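In case it helps, the working numbering puts the sequence shown at residues 9 to 516.
Yeah, the Cβ is synthetic: ideal placement off N, Cα and C, and Gly gets one too.
Note that the structure is a prediction, hence the values are computed from the model and not measured.
A short write-up of the structure that comes next.
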Amino acid sequence: MRVAVGQVWQETNTLNPCPTTREDFELFGVSRGAEMVSKMAHTNELGGFIQSLRQWPETPEIVGLARLPAWPGGLITRDAYEWIADEMASALDRALPVDGVLLALHGAMAADGYPDVEGSILHRFRERIGNTVPLVITLDLHANITPQMAAAVDAMVLYHCMPHVDIQETGVRATGVLERVTNKGARPVTAYQRVPVVLPAERANTEAENGFAVRRKQRLQELERMPEVISAGVSVVQPWMDIPDLSSTVVVVTDNDETLAVELCRELSSELWDTRREYLGELESIEAAVQKAANCTEGLTVLGDAADATTSGAPGDSVWILQELLKYDWPNLAVVTVVAPDVVEQASLQGIGSQLHVELGGRRDTRFGTTVSLDVEVQHLFDAEFALSGHIGTNMPISMGKSALLAINNIRIIATTRTGPHFAPELFQTAGIDPFSAAVIVAKSPCGFRAVYTSRAHQIISVRAPGCAPSDFWTYPFEQIPRPLWPWDEMEHWSPQPQLFVSGISRS
Ligand SMILES: [Zn+2]
């Protein structure tokens, strides 16, 4: 038996004015074929696929297609899309014939002229493998799952956790689903429901002690333990995509039990609709949040800057919070990260110990950003390269390029050449800073940063700043989204009517 595995990964934020190019994918780390299988054997979903396939009683031949990832960012260029689609299709052509396909996708990729990147790629895959070779995919729980995607696959398996600490495990679950189909005769049918809500992430923490998100995760896990259920997922979509086909989605896949799939899909959809208001959290103004950090005389304050969350595809060069931090005299370190290739270049030319006059911010986020001018000392020059584990990654290689640590009084600014996980302790540590002993860390992330900081921080404050990934996104200009859509529009009644997708295997 031959199973093809591959990955296409990026989360698109159309508010970010910086396009995502082919170079962004190439710099992040493309791999192909057998090299991909050996390199990714312990990383993220691909690691989950590969490790699980190796444990099947009759080990299949694992055929590596390609891994094409880029860090979350702006709209993908048409060139980059065409390159991705051709790369994946030709890798599959070379791999055929295969007995099954496992693809790790994000599910919220949009390109110039192609608002449904994954749908298009999956359609091309289905055309090539025919209707009776199973195609199982994994998706982020911020996917925008379109009918085109649902029609092209046999089963979708979603992350259950936010922060995304179950990425590798999702790959393991998907491989189990494929095994049920190829080796145990399962016949997948999918109930699919678009739910007209778009929701902020701050309060969606499934790893908290309790709350609606925790209860939902537990329910999904409970459903997936039922023998008739193949997979169950609720995707609260990535909000910052101004595209015509945007909504949250519920999918329930059963083993040939259409009635049960529809019933469970209806239950989960109604629950998502009914809990929509619980997602709206309290945010502090920049001034109040920084004041609270200054009032705190012990331990670490983490300021969550969702609006410039690089994990949400924002540009990462916001200095709105830095501007406020500069007004205070900090007894211990206050640390901010900024994507600023020009400043890194300037620092590299002048060298460690030099004094620089720099302008930070407003270069990448030209829509909502601001600029600060200040004199800093270059304290350290380094390459921001590390393996990310925790939210978003399991042994995930990260390369953010040449970087500089800049100092002004007790404020430290980590300037990087490229975007990446601008919340990760590994980034701060690579810069020579222990984030857990700082007074203040600005984490450019709405919720995922909580996975690592909740137990270590004295306080965590979600800040309302301007930016490309704001929590109050419905107050920003969106032009293409479908209406009515909550919370842009109040809707008195809504009730689910799931749609069924019967896979080719089940029809044959
Ligand atoms: Zn996500």
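Environment of M48 [buried if 16+ CB atoms lie within 10 Å]:
buried
Is the beta carbon of C455 less than 7 Å from the beta carbon of E210?
yes
How big is the Cα-Cα spacing for T374 and V347?
13 Å
Return helix, strand or coil for H168, following the three-state DSSP convention.
coil
What does DSSP give as the partner residue(s) for N416 in the beta ladder?
Checking the sequence shown, residue 416 turns out to be Ile, not Asn. According to DSSP, I416 bridges with I419.
P495 to Q437, Cα distance in whole Å?
39 Å
For A297, which residues in the same chain have their Cβ closer than 7 Å to its Cβ, ignoring the five residues on either side in sequence?
L311, I469, V471
Measure the Cβ-Cβ separation of R202 and S255 and say whether it is below 7 Å.
yes
Nonlocal neighbours in the same chain, by C-beta distance under 6 Å from V270, ignoring five residues either side:
A199, P506
To which residues does DSSP link V16 through a beta bridge?
L76, L113
Pocket of ligand 1 defined by Cβ to heavy atom distance under 5 Å:
D148, H150
Following the continuous beta strand (DSSP E) through H365, name the residue where it begins and the one where it ends.
363-368
Whole-angstrom distance between A116 and P208, CA atom to CA atom:
15 Å
Is it buried or exposed for K225, if we count other Cβ within 10 angstroms and need 16 for buried?
buried
Per the DSSP calculation, D325 is bridged to which residue(s)?
Beta-bridge pairing links D325 to no other residue.
Contact defined as beta carbons within less than 8 Å: I believe K452 pairs with G321. What is the distance between those atoms, to the nearest angstrom?
The Cβ separation is near 11 Å, so there is no contact.
Let me confirm a value: L83 is counted as buried when at least 16 other C-beta atoms fall within 10 Å, else exposed. Which label applies?
buried
Note down the Cα distance separating R233 from P68, rounded to an integer number of angstroms.
25 Å
What is the DSSP secondary structure of N403, counted as helix, strand or coil?
strand
Whole-angstrom distance between F376 and H365, CA atom to CA atom:
23 Å
Tell me whether L231 sits in a helix, a strand or coil according to DSSP, three-state version.
helix
Q229, buried or exposed, once every other Cβ within 10 Å from all chains shown has been counted against 16
exposed
For K225, which three-state DSSP category applies?
helix
Alpha carbon to alpha carbon, how far is N2 from M249?
A question about residue 2 goes unanswered here, because the residues of the chain that appear run from 9 up to 516.
Given a threshold of 16 other Cβ atoms within 10 Å of its Cβ, counted over all protein chains shown, does P235 qualify as buried or as exposed?
exposed
Taking 8 Å as the cut-off, does the stretch 52-72 touch the stretch 393-403 (at least 3 CB pairs, one atom from each stretch)?
yes
Look up I468 in the DSSP assignment and give the residues it is bridged to.
V310
Apply the 10 Å Cβ neighbour rule to H430 and answer buried if 16 or more other Cβ atoms are within range, or exposed otherwise.
buried
Just the Cα atoms here: how many angstroms apart are V16 and T190?
23 Å
Can you give me the Cβ contacts of A99 inside the same chain, cut-off strictly under 6 Å, excluding the 5 residues immediately before and after it?
L73, A74
If L130 and V161 are in contact, beta carbons under 8 Å, what's the gap, nearest whole angstrom?
6 Å
Are the stretch 387-394 and the stretch 324-340 touching by the rule of at least three beta carbon pairs closer than 8 Å?
no
Length of the line joining the Cα atoms of E500 and L493:
12 Å
Counting C-beta neighbours from all protein chains within 10 Å, is the total for H466 16 or more, i.e. buried, or is it exposed?
exposed
Closest to V106 by CA distance: which of E498, L143, E217, G81 is it?
L143
Determine whether the beta carbon atoms of S411 and V386 lie at a separation below 7 Å.
no
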